[in-house]
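S.K.: Below is a structure I'd like to ask you about.
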Amino acid sequence: ISIGFGIWYQESISYSSSNSEMIVITTGCESYPDSISIDGNWKAARAFSILSFLLGGTVLVINLVACCARPDKSKVIIGPGYVIASIFQGLNLLFLNSNACKNNALVNGISSQSPEISFPQTCSLASGAKCILSA
């Protein structure tokens with residue numbers, strides 16, 4: 036069984052067990068409860084996700100407008116803007132060194148309630164993180 040954790044949301048699961056059979060149902064995404072401790076790396080990853088979205092979107096709009104108005108002047112802003120946005124996007128991977136991946140209270144709570152379920156205390160790259168690395 037694996038549980039998905041993201042910078043902003045977590046995969047919500049419900050499970051039931053009877054006798055030797057366990058049924059796991061994934062139900063979608065939900066916000067983290069207030070009881071979860073969000074550490075510095077997690078907060079930094081959240082900040083960089085916002086910054087990369089805003090900077091990348093702004094540079095994209097400038098690129099679209101500038102290519103019609105002044106294509107020769109737009110290269111000065113657009114190139115460095117995309118580079119900085121991609122660096123911010125890469126810094127989202129700080130999430131892998133946060134409380135969500137190490138000593139996750141939600142995973143510990145599920146494991147203590149149901150000893151037959153065990154989760155590794157590691158995170159792996161999902162498809163979105165692999166896209167960050169390939170870009």
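Each residue of the sequence shown is one higher than the one before, starting from 36 at the first, in the numbering used here.
C-beta: ideal position from N, C-alpha, C; glycine also.
In whole angstroms, what separates the C-alpha of K31 from that of T93?
M.R.: For the chain, the structure presents residues 36 to 170; residue 31 sits outside this window and is missing.
S.K.: Taking the alpha carbon of C74 as the reference point, which residue from N132, V142, S169 has its own alpha carbon closest?
M.R.: Residue identity differs from the one stated: residue 74 is Asp in this sequence, not Cys. For the residues N132, V142, S169, the minimum Cα distance to D74 belongs to N132.
S.K.: In whole angstroms, what is the alpha-carbon distance linking S87 and F123?
M.R.: Answer to the nearest angstrom: the Cα atoms are 5 Å apart.
S.K.: Taking I119 and L141 to be in contact with their CB atoms under 8 Å, please state how far apart those CB atoms are, rounded to whole angstroms.
M.R.: Contact between I119 and L141 is ruled out by a C-beta separation of about 33 Å, above the 8 Å threshold.
S.K.: How should I42 be labelled, buried or exposed, when 16 other C-beta atoms within 10 angstroms of its C-beta is the threshold for buried?
M.R.: buried
S.K.: In the DSSP assignment, find the unbroken alpha helix (DSSP H) run with R81 in it and report its ends.
M.R.: 75-104
S.K.: Leaving out five residues on either side along the sequence, give the residues of the same chain with a beta carbon under 6 Å from the beta carbon of S70.
M.R.: none
S.K.: Give every residue of the same chain whose Cβ lies closer than 8 Å to the Cβ of Y44, excluding the five residues on either side of it in the sequence, and list them in chain order.
M.R.: C64, E65, S66, Y67
S.K.: Compute the distance between the beta-carbons of A80 and L129, then report whether it is under 8 Å.
M.R.: yes
S.K.: Throw me the rounded Cβ distance for the S84 and N134 pair, which I believe falls under 8 Å.
M.R.: Rounded, the Cβ-Cβ distance is 17 Å, inconsistent with contact.
S.K.: For Y44, list the residues DSSP reports as bridge partners.
M.R.: S66
S.K.: Going by alpha carbons, who is nearest to S62 out of N76, V100, S121, I38?
M.R.: Note on residue identity: the sequence assigns Thr, not Ser, to residue 62. If we check each option's Cα against that of T62, I38 comes out closest.
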